[in-house]
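Residue numbers (this note's numbering), protein chains in the order written: chain R, 1 to 499; chain H, 1 to 105.
Just so you know, even glycine gets a beta-carbon here, dropped at the ideal spot from N, CA and C.
Structure, rendered in structure tokens:
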């Protein structure tokens with residue numbers, strides 16, 4: 001007999017529903033639906049609607065069944081995963097802490113700024129010359145007189161060299177319109193050398209012999225309400241007429257000094273400044289006779305009038321990496337100090353053939369690695385937030401604070417990771433419970449000889465010796481065979497006698 | 001009894017239907033008027049809670065009648081005790097789906 005294609009629709013729907021059911025229960029559900037569908041299709045009841053309609057309604061109900069089964073499985077999995085002491089709950093807690101740290105870092109411009117790379121072209125080839133090492137990169141340390149000499153005497157060392165000196169200035173644009181700025185007086189070649197002049201200076205104008213003043217975009221927005229008409233106008237800075245020449249994007253100027261306006265002076269105007277005025281010197285070593293400082297810095301020695309002066313040349317990239325380096329230093333120290341606060345051993349576990357499969361061993365190590373990674377992320381972002389977020393420290397001070405605030409959390413975080421790992425079942429990764437003290441007091445002069453913890457799912461026992469001995473020095477895991485499972489919390493469903 | 005307190009009217013109807021002799025899913029649906037998307041999950045929950053038991057029909061019986069084997073359900077002792085307790089909460093349940101002995105009476 002030829003079947004109507006519409007008669008096959010319920011069967012097709014039931015089979016589709018079966019695909020939604022988890023594999024473990026699929027065969028049982030499919031068999032029950034098939035059997036019921038057969039009876040629905042062959043129902044002999046004249047008062048009922050046509051059998052085809054009944055079958056269609058039944059098969060649509062199977063889709064609901066499948067969704068219920070799927071949701072029920074998800075609920076039970078989520079319940080197990082978030083159970084107190086579970087591995088998922090542990091990783092979730094650490095992830096939340098790490099995400100909160102990242103969120104605070106993203107919301108704090110100062111903290112975010114120090115971690116971003118210097119946006120200048122070829123920052124690795126640009127060095128800051130200081131007379132005081134890394135701390136000297138944060139405070140002016142080079143007299144203007146030295147800069148003047150270097151512009152002519154060190155041509156073989158540096159292809160270009162620029163000077164800037166931060167100061168607080170006030171701009172008088174017109175009567176009753178005075179703006180306070182953290183302004184730097186800089187040599188005219190600084191933008192060209194840093195490679196930001198062509199791309200980011202959004203306006204320029206003929207200065208007519210006056211020095212050119214470039215504003216940070218935030219200043220232009222805050223004090224001039226983004227008025228484009230301000231460019232080209234003459235303003236007064238400390239009695240000197242200047243031309244407002246353009247605007248620079250915020251955040252690009254992460255050179256030391258916290259500058260938000262730049263006054264570019266020509267060589268003649270710089271010569272009029274006092275020779276003892278201290279500032280920052282940035283040099284380009286791209287086409288110099290010496291190779292670029294791969295290690296981040298090199299020194300320059302100058303002998304003048306019998307006096308030897310030493311200067312450090314530190315690349316801008318290396319300065320930007322200072323917080324990361326200080327964190328890495330704390331990490332190294334914490335790893336070195338870790339054996340002093342806890343044992344590094346994770347205990348004795350049976351070999352693969354004796355109970356723990358390769359997949360379980362791999363999962364356990366992945367869990368350990370995930371905890372290390374998350375603790376590193378938590379400590380790194382929160383220490384960065386703490387060091388650079390609330391107060392505007394310079395890079396060196398902030399890096400020092402970061403090193404101090406990250407060392408102890410790293411040390412005790414790693415200690416917690418190892419202790420937590422030792423207290424977990426290697427099979428289900430849940431925390432072990434029900435500690436029981438075992439042993440006889442008189443045998444070894446201790447109140448007990450060890451402690452035993454048990455996995456609530458019945459996977460095994462952990463024996464921890466109270467005093468390490470030559471025959472039992474580390475904690476030992478004992479796998480329980482499946483016959484023990486009926487004694488534990490998650491037994492198979494209980495069967496009761498039918499009536 | 002904790003199960004009794006949680007038993008909804010739908011679950012109580014299904015339990016009563018099984019007690020009344022409607023021992024497979026389709027007949028429970030027909031008796032209670034509940035759709036298949038409700039009945040089967042509810043029966044799975046009742047089985048999980050130990051109130052009913054399921055058993056597949058023998059393949060030979062199904063083969064003799066040229067149909068697929070069915071899954072039959074029946075009450076456990078706990079299920080029967082729960083049902084007795086549920087009558088206090090849903091007094092009309094017995095009249096809605098009368099058990100065979102009640103029908104005979």
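Run down chain H in chain order and give the residues with a C-beta less than 7 Å from the C-beta of residue i.
i, result
"residue 58 (chain R)", "36"
"residue 64 (chain R)", "37"
"residue 68 (chain R)", "41"
Where do the ends of the beta strand (DSSP E) carrying residue i lie?
i, result
"residue 159 (chain R)", "Per DSSP, residue 159 (chain R) belongs to no beta strand (DSSP E) and is neither H nor E."
"residue 47 (chain H)", "Unbroken run through residue 47 (chain H) is the alpha helix (DSSP H), 36-48; no beta strand (DSSP E)."
"residue 61 (chain H)", "Careful: residue 61 (chain H) lies outside any beta strand (DSSP E), inside the alpha helix (DSSP H) at 59-64."
"residue 127 (chain R)", "126-130"
"residue 54 (chain H)", "52-56"
Look up residue i in the DSSP assignment and say whether it is helix, strand or coil.
i, result
"residue 11 (chain R)", "helix"
"residue 143 (chain R)", "strand"
"residue 65 (chain R)", "helix"
"residue 15 (chain H)", "helix"
"residue 400 (chain R)", "helix"
"residue 488 (chain R)", "coil"
"residue 94 (chain H)", "helix"
"residue 479 (chain R)", "strand"
"residue 178 (chain R)", "strand"
"residue 345 (chain R)", "coil"
"residue 203 (chain R)", "Note on residue 203 (chain R): pLDDT 46, under 50, position unreliable in the model; no value is reported."
"residue 192 (chain R)", "helix"
"residue 471 (chain R)", "coil"
"residue 458 (chain R)", "coil"
"residue 82 (chain R)", "coil"
"residue 337 (chain R)", "helix"
"residue 324 (chain R)", "helix"
"residue 285 (chain R)", "coil"
"residue 463 (chain R)", "strand"
"residue 20 (chain H)", "coil"
"residue 187 (chain R)", "strand"
"residue 99 (chain H)", "coil"
"residue 74 (chain H)", "strand"
"residue 70 (chain R)", "helix"
"residue 198 (chain R)", "Residue placement at residue 198 (chain R) is flagged as unreliable, the pLDDT there being 45, under the threshold of 50; the coordinate-derived value follows with that caveat. Three-state result, residue 198 (chain R): helix."
"residue 3 (chain H)", "With a pLDDT of only 47 at residue 3 (chain H), under the threshold of 50, the placement of this residue in the model should not be trusted; the figure read from the coordinates follows. Of the three classes helix, strand and coil, the one that applies to residue 3 (chain H) here is helix, per DSSP."
"residue 76 (chain R)", "helix"
"residue 67 (chain H)", "coil"
"residue 330 (chain R)", "helix"
Against residue i, what residues of chain R qualify as contacts under a CB-to-CB distance less than 8 Å, listed in chain order?
i, result
"residue 67 (chain H)", "35, 38, 39 and 42"
With a cut-off of 8 Å on the beta carbons, I'd call residue i and residue j a contact; round off their distance for me.
i, j, result
"residue 38 (chain R)", "residue 89 (chain H)", "About 36 Å separates the two Cβ atoms, so there is no contact after all."
"residue 530 (chain R)", "residue 17 (chain R)", "This structure leaves residue 530 (chain R) out entirely; chain R is present only between 1 and 499."
"residue 465 (chain R)", "residue 449 (chain R)", "7 Å"
"residue 424 (chain R)", "residue 415 (chain R)", "Actually they do not touch by this definition, with Cβ atoms about 15 Å apart."
"residue 488 (chain R)", "residue 458 (chain R)", "3 Å"
"residue 78 (chain R)", "residue 13 (chain R)", "Incorrect: roughly 28 Å between the Cβ atoms, too far for contact."
"residue 162 (chain R)", "residue 189 (chain R)", "5 Å"
"residue 213 (chain R)", "residue 179 (chain R)", "11 Å between Cβ atoms; not a contact."
"residue 275 (chain R)", "residue 143 (chain R)", "6 Å"
Identify the contact partners of residue i in chain H, using a Cβ-Cβ distance below 9 Å as the criterion.
i, result
"residue 61 (chain R)", "29, 35, 36, 37, 38, 39 and 40"
Using a Cβ-based criterion (distance less than 6 Å to any ligand heavy atom), does residue i qualify as near the ligand SAM?
i, result
"residue 94 (chain R)", "Because no ligand of any kind appears in the structure shown, any question about the ligand SAM cannot be addressed here."
Name the two residues that bound the continuous alpha helix (DSSP H) containing residue i.
i, result
"residue 32 (chain R)", "23-41"
"residue 375 (chain R)", "358-388"
"residue 82 (chain H)", "77-89"
"residue 32 (chain H)", "25-32"
"residue 319 (chain R)", "316-320"
For residue i, which residues in chain R fall below 9 Å Cβ to Cβ?
i, result
"residue 71 (chain H)", "28, 31, 32, 35 and 36"
"residue 21 (chain H)", "By Cβ distance, chain R contributes nothing, its closest Cβ being about 13 Å from residue 21 (chain H), past 9 Å."
State yes or no: is the beta carbon of residue i nearer than 7 Å to at least one beta carbon in chain C?
i, result
"residue 101 (chain R)", "In summary, chain C is missing from the structure at hand, where the protein chains are R and H."
Would you mind listing the alpha helix (DSSP H) stretches within the region 85-120 of chain R that are 4+ residues and don't spill past its ends, in chain order?
Runs of the alpha helix (DSSP H) inside the region 85-120 of chain R: 87-107 and 109-115.
Quick check on the DSSP output: what are the complete alpha helix (DSSP H) runs of length 4 or more inside the region 210-283 of chain R, in order along the chain?
Counting only runs of 4 or more, we get 217-224 and 267-271.
Can you list the alpha helix (DSSP H) stretches of 4 or more residues lying completely in the region 408-453 of chain R, in chain order?
Within the region 408-453 of chain R, the runs of alpha helix (DSSP H) at least 4 residues long that lie entirely inside it are, in chain order, 441-444.
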